[in-house]
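S.K.: A single structure is presented below for examination.
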Amino acid sequence: MSAPPRAAGKRRSKPSFGARLRRFWVLGLLVLGAVGWGCGALAALPAFHLHELTVTGTARVARADVVAQAAIDPHANIWLLDPRAIERRIDALPDVLHARVHRRPPGTVWIEIAERRPEACVHDGAGHELLVDAQLRVLSELCTPEVSLGYDVRANLDGAGPGTFLREPEVLALQADARALSVGGDTYRDFSHDEFGQLEATMPGGIQIRFGDDDDLDRKRRLIAPILAQLGPRLADVRAVDLRAPGTPVVDFR
């Protein structure tokens, strides 16, 4: 006897991946919302309010100036602060090379300062003097005895105040020549251009070296030591060494 036929019924289709995913999106939103609320509630705890502000790395810059420039609300929650914005504000101080802001739970903010170092004093044709760093950023309108390197320019640099960068071609040219001449370990006190725009540099002992144009500057630099060595006791009477014609250098005595 054959088995009775199975009753016909609707065949169930397998849910698609998208349909299965839609079952959980509401739950996912709820979880994300709960996490966000929890993080917000945790960040708002009084324990995370600013309790200590530490500033390190300052020598030229006053701590009070850093704190004022940072402009941090003393009652702020440290996790709601914008460290990059604080750093940009502090970087605007003339003597600051860069600032780094660190948050240390529960309530400490540490500001780490790297300062700019004075490199040269720039004197212009109008009598201004400007203390600058290696990037020619003006640090002060008053030079200090600690800086022995000087650039004397004919241009008027009025308006170049602390925090600005000098981009006067004459200043840039003198700095470039000073760096080229320092390669051999020689040191010079002052750099300037004569009325024809030719380079002059003064050695620490007061001897002026007239380089002329800055073509073949390295060759001219290498002539100086042998010339001075040959002078012996007469070196004390030397006022200048003229290298504008390097094939026939001239020693000018007092």
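Quick note, the numbering used here runs 1068 ahead of the 1-based positions in the sequence shown.
Just so it is clear, CB atoms sit at the ideal spot from N, CA and C, and this is done for glycine as well.
1. Does the segment 1118-1126 come within contact of the segment 1173-1192, defined as at least 3 CB pairs closer than 8 Å?
2. Are the Cβ atoms of L1225 and D1245 separated by less than 8 Å?
3. Residue range of the beta strand (DSSP E) that E1180 falls in?
4. If you drop the 5 nearest sequence neighbours on each side, which residues of the same chain put their C-beta closer than 6 Å to that of A1248?
5. What are the start and end residues of the beta strand (DSSP E) that includes I1277?
6. Just to confirm the assignment, what range does the beta strand (DSSP E) spanning L1199 have?
7. Can you tell me where the alpha helix (DSSP H) with L1299 in it begins and where it stops?
8. DSSP three-state label for A1248, please.
9. Report the residue from G1315, F1116, A1304 whose alpha carbon sits nearest the alpha carbon of R1289.
10. Spatial neighbours of H1191 within its chain, please: CB distance less than 6 Å, with the 5 preceding and 5 following residues excluded, ordered by chain position.
11. Pull the bridge partners of G1218 from the DSSP assignment, please.
12. According to DSSP, what are the bridge partners of F1321?
13. Return the residue from the list D1159, D1141, F1116 that minimises the CA-CA distance to W1147.
M.R.: A quick look at the data gives this:
1. Cβ pair count under 8 Å is three or more, so yes.
2. In the sequence shown, the residue the question calls residue 1225 occupies position 157. In the sequence shown, the residue the question calls residue 1245 occupies position 177. No. Outside cutoff.
3. In the sequence shown, the residue the question calls residue 1180 occupies position 112. According to the DSSP assignment, E1180 belongs to the beta strand (DSSP E) that extends over 1176-1183.
4. Translated into the one-based positions of the sequence shown, residue 1248 becomes position 180. Excluding its 5 nearest sequence neighbours in each direction, A1248 has C-beta neighbours in its own chain below 6 Å: L1285, listed in chain order.
5. The residue labelled residue 1277 in the question sits at position 209 within the sequence shown. Note, I1277: beta strand (DSSP E), 1276-1280.
6. Reading the sequence shown from its first residue, position 131 is the one you call residue 1199. Unbroken beta strand (DSSP E) run through L1199: 1197-1200.
7. By one-based count along the sequence shown, residue 1299 stands at place 231. For L1299, the enclosing alpha helix (DSSP H) stretches over residues 1285-1299.
8. As a working mapping, residue 1248 is identified with position 180 in the sequence shown. In the three-state scheme derived from DSSP, where H, G and I count as helix and E and B as strand, A1248 is classed as helix.
9. In the sequence shown, residue 1289 corresponds to position 221, counting from 1. Its Cα nearest to that of R1289, the residue G1315 stands out among G1315, F1116, A1304.
10. By one-based count along the sequence shown, residue 1191 stands at place 123. Excluding positions up to five away in sequence, the list reads E1197, D1220.
11. To locate residue 1218, count along the sequence shown from 1; it is residue 150. Its beta-bridge partners are C1189, D1258.
12. As a working note, residue 1321 is residue 253 in the sequence shown. Partner(s): V1306.
13. Stepping through the sequence shown from its first residue, residue 1147 is reached at position 79. Comparing alpha carbon positions, the residue from D1159, D1141, F1116 closest to W1147 is F1116.
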